[in-house]
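A.B. asks:
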Amino acid sequence: MKILKIILIILCFLFLTALTQIGGLVYLLSFVTYKFINRKTDKKAQRITLKFFSFLILYSFFTFLIVPVIAKPLGRVRLPVTETDHLKPLNILTCFFNRNYVRPELKESALSIARKLNQKYPGTSVNYLEANFPFFNKFPLLPHLSHSDGKKLDLSFCYLDSKTQKQTNKCPSFIGYGICEEALLNEKNTACECSEQGYWQYSLLKVIVPQSSKKKFDFDATRTKDLIEICCKNPSIGKIFLEPHLKKRLNLNSGKIKFHSCKAARHDDHVHIQMN
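Following this line, the structure appears as structure tokens:
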């Protein structure tokens, strides 16, 4: 039983570390409060509840108050938790899981991109998705293996409300991934080609993410094209990942726009930008 408990602790540590980078460490620190809780109550349900909330409080304290302070002198800064200069997280869990850190130059570029898009389309906000963890190069932000140096950031596409055809800042996917603007019959279908070559992970998120909201939105080709062109013109942005069929459909000609290879995940549900 003791061995099983140790294995469970190790698994929790690894899971929380992979998800949030600091969660595993906070989990171990929480054992100090767990001993106090065990002394105060012998009711199992009460112990579990108190331990869960003690971890949550300690984790939130580190995430929102300690980590940003430590990360800044180490070269990573937090992207806005609430909308700032028309840049905001699509899902607040991105911030809660510490997956919204970038190098200062990339933060300034993202804010500049959001401001310029809003100037052209008043009321428009740019939703950011996953960025990087706050600490250490080469510590991958799973499942994004390349998001490990503070230089990468994913942005959501722009959409229209399918009923009113009005611009919206919402997205069909609650995480920004997995609901795709797929290739038409006359377009190059990279997703199909990659799957046929055995790259099972390429379209995995499309299988996992519920597709029920897709019918409520239409892809806003005009605003999305302008968003990507603004990214291309930003001197700090050196590379942009987008599916080939969307590059052609949107008539985008910048040499910065690349195909990311079948070893990654598909990019017809978001746009990936990275620094030089």
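With the sequence shown counted from 1, adding 531 to any position gets you our numbering. Backbone N, C-alpha and C define an ideal beta-carbon position, used for all residues, glycine too.
Distance cutoff 8 angstroms, beta carbons only. Does SER744 sit that close to anything in chain D?
C.D. replies: Among the chains in the structure shown there is no chain D, since it carries only a single protein chain.
A.B. asks: My output table needs one value for VAL802: the three-state DSSP class, helix, strand or coil.
C.D. replies: Working through the sequence shown from its first residue, we reach residue 802 at position 271. Here VAL802 sits in strand by DSSP.
A.B. asks: With respect to the alpha helix (DSSP H) encompassing ILE522, which residues constitute its N-terminal and C-terminal limits?
C.D. replies: The structure shown does not extend to residue 522, since the chain spans only 532 to 807, so no value can be given for it.
A.B. asks: Would you call the CB atoms of ILE771 and LYS787 closer than 8 angstroms?
C.D. replies: In the sequence shown, residue 771 corresponds to position 240, counting from 1. In the sequence shown, residue 787 corresponds to position 256, counting from 1. Yes.
A.B. asks: Check whether the Cβ atoms of TYR730 and CYS793 lie closer than 8 angstroms to each other.
C.D. replies: In the sequence shown, the residue the question calls residue 730 occupies position 199. In the sequence shown, the residue the question calls residue 793 occupies position 262. Yes.
A.B. asks: Take the Cβ of ASN782 as the centre, count every other Cβ of all protein chains shown within 10 Å, and call the residue buried at 16 or more, exposed below.
C.D. replies: Locating residue 782 in the sequence shown gives position 251, counting from the first residue. ASN782 is exposed by the Cβ-count criterion.
A.B. asks: Measure the beta-carbon distance from ASN618 to ALA602 and round it to whole angstroms, keeping in mind my assumption that it falls under 8 angstroms.
C.D. replies: In the sequence shown, the residue the question calls residue 618 occupies position 87. In the sequence shown, the residue the question calls residue 602 occupies position 71. Correcting the residue identity first, residue 618 is Leu in this sequence and not Asn. The pair is not a contact, with the Cβ atoms about 18 angstroms apart (cut-off 8 angstroms).
A.B. asks: Between LYS582 and the rest of its own chain, which residues show a CB-CB distance below 8 angstroms, the 5 nearest in sequence each way excluded?
C.D. replies: On the sequence shown, position 51 is the one that residue 582 refers to. Result list for LYS582: SER561, THR564, TYR565, ILE568, in chain order.
A.B. asks: What are the complete beta strand (DSSP E) segments, minimum 3 residues, inside the segment 708-752?
C.D. replies: Whole beta strand (DSSP E) segments, 3+ residues: 748-750.
A.B. asks: Checking the sheet assignment: what are the DSSP bridge partners for ARG609?
C.D. replies: If you number the sequence shown from 1, residue 609 lands on position 78. For ARG609, which the question treats as bridged, DSSP gives the partners TYR632.
A.B. asks: Could you round the C-beta distance between SER693 and LYS747 to whole angstroms and report it? I think they count as a contact, below 8 angstroms.
C.D. replies: In the sequence shown, the residue the question calls residue 693 occupies position 162. In the sequence shown, the residue the question calls residue 747 occupies position 216. Confirmed, Cβ separation roughly 6 angstroms.
A.B. asks: On a Cα-Cα basis, can you pick out the residue from ASN658, GLN732, ILE541 that is closest to TYR558?
C.D. replies: Reading the sequence shown from its first residue, position 27 is the one you call residue 558. Among ASN658, GLN732, ILE541, the Cα nearest to that of TYR558 belongs to ILE541.
A.B. asks: Quick test of your reading: LEU686 and ALA662, contact by CB under 8 angstroms. State the CB separation rounded to the nearest angstrom.
C.D. replies: In the sequence shown, counting from the first residue as 1, residue 686 sits at position 155. In the sequence shown, counting from the first residue as 1, residue 662 sits at position 131. Their Cβ separation, rounded to whole angstroms, is 10 angstroms, which puts LEU686 and ALA662 out of contact at 8 angstroms.
A.B. asks: What are the boundary residues of the alpha helix (DSSP H) that includes ILE588?
C.D. replies: Taking the first residue of the sequence shown as position 1, residue 588 is located at position 57. Note, ILE588: alpha helix (DSSP H), 575-592.
A.B. asks: Once you ignore the five residues that flank GLU712 on each side, which residues in its own chain have a CB closer than 6 angstroms to its CB?
C.D. replies: Counting from one through the sequence shown, the residue named residue 712 turns up at place 181. Contacts found: PHE750, ASP799.
A.B. asks: Measuring only the C-alpha atoms, how far is LEU547 from LEU610?
C.D. replies: Numbered from its first residue, the sequence shown carries residue 547 at position 16. Numbered from its first residue, the sequence shown carries residue 610 at position 79. Approximately 21 angstroms, taken between the alpha carbons.
A.B. asks: Comparing C-alpha positions only, which one of GLN696, LEU660, PRO653, ALA752 sits nearest to TYR632?
C.D. replies: As a working mapping, residue 632 is identified with position 101 in the sequence shown. Per the Cα distances, LEU660.
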